[in-house]
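Below is one structure, written out as structure tokens; comments come after it.
2 protein chains.
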Amino acid sequence: MIGAGQLARMTQQAAIALGIELRVLANSPDESAARVIADARLGDYQVLADLRDFAKGCDVLTFDHEHVPTEHIRALAEDGFAVRPGADALVHAQDKAVMRERLTAIGVPCPAWRRVETASDIEEFAGANGWPVVLKAIRGGYDGRGVWVCESAEDASEVLASGVPLMAEAFVPFERELAVLVARSPHGQGVSYPVVETVQRDGICVEVLAPAPGLDPEQAAVAQRIALKIAKELDVTGLLAVEMFATASGLLVNELAMRPHNSGHWTIDGARTSQFEQHLRAVLDLPLGSPSLSAPVVVMANLLGGDDPDIFSRYEHVMAHDPGIKIHFYGKEVRPGRKIGHVTAFGTDLDEVRARAQHAAVYLSEGRYT
Amino acid sequence: MIGAGQLARMTQQAAIALGIELRVLANSPDESAARVIADARLGDYQVLADLRDFAKGCDVLTFDHEHVPTEHIRALAEDGFAVRPGADALVHAQDKAVMRERLTAIGVPCPAWRRVETASDIEEFAGANGWPVVLKAIRGGYDGRGVWVCESAEDASEVLASGVPLMAEAFVPFERELAVLVARSPHGQGVSYPVVETVQRDGICVEVLAPAPGLDPEQAAVAQRIALKIAKELDVTGLLAVEMFATASGLLVNELAMRPHNSGHWTIDGARTSQFEQHLRAVLDLPLGSPSLSAPVVVMANLLGGDDPDIFSRYEHVMAHDPGIKIHFYGKEVRPGRKIGHVTAFGTDLDEVRARAQHAAVYLSEGRYT
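Sequences listed follow chains D and Z, in order.
The opening position of the first sequence corresponds to residue 1493 in this note's numbering, with each subsequent residue numbered one higher.
The opening position of the second sequence corresponds to residue 1493 in this note's numbering, with each subsequent residue numbered one higher.
Here's what the structure looks like:
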């Protein structure tokens, strides 16, 4: 696995059970996954020679993030390494304009969009779709970075001035955000997890409700079919997370990720097969596991670093307060706003389960009682 | 954790989630846990200097097995290391005669027993309790090793001739075997998992049924109270597994273990808190987690090595045959009869769940269809 963040760290838990020897490429021995994996190699994922050294002896290469240059991924495949997902699939999670072109071509509903290079491109787009206009960096954004909601041409010109290649999207007045996580293996087996609702704050996912509360089963099936169709058409191998806007007139695809995803962390404790196990099974072309829930209601809440880095007493409180809550720490130094872990709660009553997850997350982050 | 077998390996999965940095003392880098843990140190657990080097910088020391010499454990505690369980508790899992003396003293029901040194000691014991007589090595037995069921004085004299320090126990015509796993922390919190039924073959646990089918709730409560009482009276910190015989006239305690135990492997997938997480919480004096089941019926079956060491095609079959089965491999070379992993199945119907677990275990071990 190229990259050694929390996704690789949690993949190690699944690899241990399956008897799979996981090697990670880390920038430093202090990275989240490098702290817990015996075979952590150091190197720079932007340097092809480092990637080639790392790849020697691996059966399959996969990713903890989508920042490996597409041309390096192609070079590794040309060397004969099995890279999953492949460069032609992964580019859709790296380049938002390529993704939009492709999804539009295969008939997947997306917000109105276009590439923009000048102020007049943006004004023209706003003329057709209205303000606000959402400007997105075509490459490299994540967790709300690289996304600017512009209320006016003035706002837009500031973003343009940064020189980052941009695209414009219509602002979608959504009812809520949904996410569908699917897996697809090289031999073509596909599996979809139940559709979940994701709750974002400042562009960062703070909460995931599984299954999405009150979702019409027909709309759930539509969402799953969209995700499985994208996986097939783009020839994805491994996991694909499809983030969607639920609007009054139907579903629109927002973003794609081709790796384990924050919207699937609930699966570690709340599904029969965790997304990390599923990703390993998929990229290794093993039969896929059951995506079914292990409780009627599962809620995951992210732990964001607060102002006080010494969280030990809060950690003890949360365990004592709720013996059923599952705590996941990523071995990262606490910094304000940084994702340092997550918690998962289960049960039968959404309000109760959600309150438990929120209490644990807010108390751990801020020492505040909810 | 001193020792680097599969128990330490599975503890790493829990340590990753809790954000606990787990260090293991391994005999070789190929050991089960050493293959998956970043901080694996090499050394001999029988050598005090190796233990002292290993212990430096650890907050708490605990064990993957009970073979560390009691006097070394005392020496580490005298050095100021927090050793959990402590020597005075652990000796009851190391020395069966000490265990029997103590359990008898605190009123816990056990089979009739005595220390034996000569043929006449054994004949005297058989005179009072009848044949067969069960001879046990006082120290060092496990998985049926160190236990001899003797039908006659002749059988017994062969065992005596080995020179191993022995005790005799009355043969118990049990109805079935039960096990209770409890955790106890230094601040005195205790938790009991549901009572399970264990099925042994040739002295090796092959199957665990959770909860124990058809167990009278009053008898279950008695079993849990016995286990919690032993944990308290022996000042156990960490996990305590109590193996019991269920007989027509009640429960008799058979063996104790003070560490994660094979009878608790079902908890990884089948309980809200795995025994490995619970052990970490207990020895670190953190609040204990919920022991409740995550499905009405959970069955664990051990994977024993068969004659064919190349199990990959069987591994694929089992995953394809039953997407809901959970597979755990220990990263060990396959040898006939060796515990190389386990599988867990869940559901609502015991016969169905048990058949699934058995199919997976027997097919993986022997390539035979059940």
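Here a beta-carbon is modelled for each residue, glycine too, at the ideal position from N, C-alpha and C.
Closest by C-alpha distance to residue i, when choosing among the options
i, options, result
"A1604(D)", "E1844(D), V1590(D), N1621(D) and A1597(D)", "N1621(D)"
"I1512(Z)", "F1804(D), K1831(D) and R1544(D)", "F1804(D)"
"G1535(D)", "S1524(D), A1525(D), V1516(D) and A1723(D)", "V1516(D)"
"V1590(Z)", "V1575(Z), R1607(Z) and T1759(Z)", "R1607(Z)"
"D1556(Z)", "Y1685(Z), V1641(Z), Q1586(Z) and G1549(Z)", "Q1586(Z)"
"Y1537(D)", "D1522(D), R1527(D) and E1563(D)", "E1563(D)"
"R1594(Z)", "D1802(Z), T1759(Z) and I1722(Z)", "I1722(Z)"
"H1679(Z)", "D1580(Z), G1730(Z), I1508(Z) and R1527(Z)", "G1730(Z)"
"R1676(D)", "P1577(D), W1623(D), R1860(D) and E1747(D)", "P1577(D)"
"T1759(D)", "A1653(D), D1843(D), G1495(D) and T1836(D)", "T1836(D)"
"V1734(Z)", "E1747(Z), G1549(Z), V1583(Z) and K1724(Z)", "E1747(Z)"
"Q1504(Z)", "E1769(Z), V1789(Z), T1554(Z) and Y1855(Z)", "E1769(Z)"
"Q1681(D)", "A1611(D), E1667(D), D1777(D) and M1493(D)", "D1777(D)"
"V1683(Z)", "D1802(Z), F1666(Z), G1632(Z) and P1783(Z)", "P1783(Z)"
"V1552(D)", "A1509(D), T1596(D) and I1494(D)", "I1494(D)"
"G1742(D)", "E1667(D), R1693(D), L1732(D) and H1813(D)", "E1667(D)"
"D1841(Z)", "L1726(Z), L1514(Z), V1790(Z) and F1617(Z)", "V1790(Z)"
"L1796(D)", "V1810(D), V1775(D) and L1856(D)", "L1856(D)"
Proximity of residue i and residue j at Cβ, strictly below 9 Å
i, j, result
"G1638(D)", "K1628(D)", "yes"
"V1757(D)", "M1792(D)", "Note on residue identity: the sequence assigns His, not Val, to residue 1757(D). Yes, they are a contact pair."
"L1658(D)", "E1615(D)", "no"
"G1762(D)", "A1787(D)", "yes"
"L1701(D)", "V1714(D)", "no"
"R1544(D)", "L1568(D)", "yes"
"V1687(Z)", "A1712(Z)", "yes"
"P1709(Z)", "L1780(D)", "no"
"H1771(Z)", "A1541(Z)", "no"
"V1664(D)", "Q1716(D)", "no"
"V1745(D)", "M1736(D)", "yes"
"G1839(D)", "R1830(D)", "no"
"L1785(Z)", "P1705(Z)", "no"
"I1529(D)", "A1500(D)", "yes"
"E1699(Z)", "R1860(Z)", "no"
"G1549(D)", "A1525(D)", "no"
"A1648(D)", "V1625(D)", "yes"
"A1853(D)", "N1794(D)", "yes"
"C1642(Z)", "W1623(Z)", "yes"
"I1565(D)", "A1579(D)", "yes"
"I1718(D)", "V1600(D)", "yes"
"A1738(Z)", "E1669(Z)", "yes"
"H1820(Z)", "M1502(Z)", "yes"
"A1509(D)", "K1818(Z)", "yes"
"G1650(D)", "A1671(D)", "A small fix is needed here, since residue 1650(D) is Glu in this sequence, not Gly. Contact flag unset, no."
"A1611(D)", "L1726(D)", "no"
"R1751(D)", "T1596(D)", "no"
Contact list for residue i against chain D, beta-carbon separation under 9 Å
i, result
"E1563(Z)", "The contacting residues do not exist; E1563(Z) stays about 32 Å from chain D at best."
"Q1532(Z)", "The sequence shown places Ala at residue 1532(Z), rather than the Gln named in the question. A1530, listed in chain order."
Contact list for residue i against chain Z, beta-carbon separation under 9 Å
i, result
"P1475(D)", "Residue 1475(D) cannot be examined here, being either before or after the span of chain D that is shown, 1493 to 1862."
"S1786(D)", "D1761, S1786, A1787 and F1838"
"E1513(D)", "R1527, V1528 and G1823"
"R1676(D)", "Per Cβ cutoff of 9 Å: no residues; R1676(D) is ~15 Å from chain Z at best."
"Q1504(D)", "Q1504, Q1505, I1508 and V1528"
Listed by chain order, chain D residues near residue i by CB distance under 8 Å
i, result
"S1782(Z)", "P1815 and G1816"
"R1846(Z)", "Neighbours of R1846(Z) on chain D: none; closest Cβ ~18 Å, over 8 Å."
"G1756(Z)", "Chain D residues near G1756(Z): none, gap ~15 Å exceeds 8 Å."
Counterpart residues of residue i in DSSP-defined beta bridges
i, result
"R1676(Z)", "G1682(Z) and G1730(Z)"
"L1743(D)", "A1738(D)"
"R1607(Z)", "M1659(Z)"
"F1821(Z)", "G1833(Z)"
"M1811(Z)", "Partner(s): none; M1811(Z) has no beta bridge."
Within chain Z, the residues that residue i reaches when beta carbons sit closer than 8 Å
i, result
"R1501(D)", "I1508"
"G1497(D)", "Chain Z residues near G1497(D): none, gap ~13 Å exceeds 8 Å."
"G1833(D)", "G1511"
Listed by chain order, chain D residues near residue i by CB distance under 7 Å
i, result
"A1702(Z)", "Result: empty, since nearest Cβ-Cβ is about 15 Å, beyond 7 Å."
Partners in chain Z for residue i, counting only beta-carbon separations shorter than 7 Å
i, result
"R1764(D)", "G1816"
Q) Closer than 8 Å, Cβ to any Cβ of chain D: which residues of the segment 1819-1830 of chain Z, in chain order? A) Contacts with chain D (Cβ-Cβ distance below 8 Å) from the segment 1819-1830 of chain Z involve I1819, H1820, F1821, Y1822 and G1823, listed in chain order.
Q. Mind listing which residues of the segment 1542-1574 of chain Z have their C-beta closer than 9 Å to chain D's C-betas, in chain order?
A. Residues of the segment 1542-1574 of chain Z whose Cβ lies closer than 9 Å to any Cβ of chain D: none.
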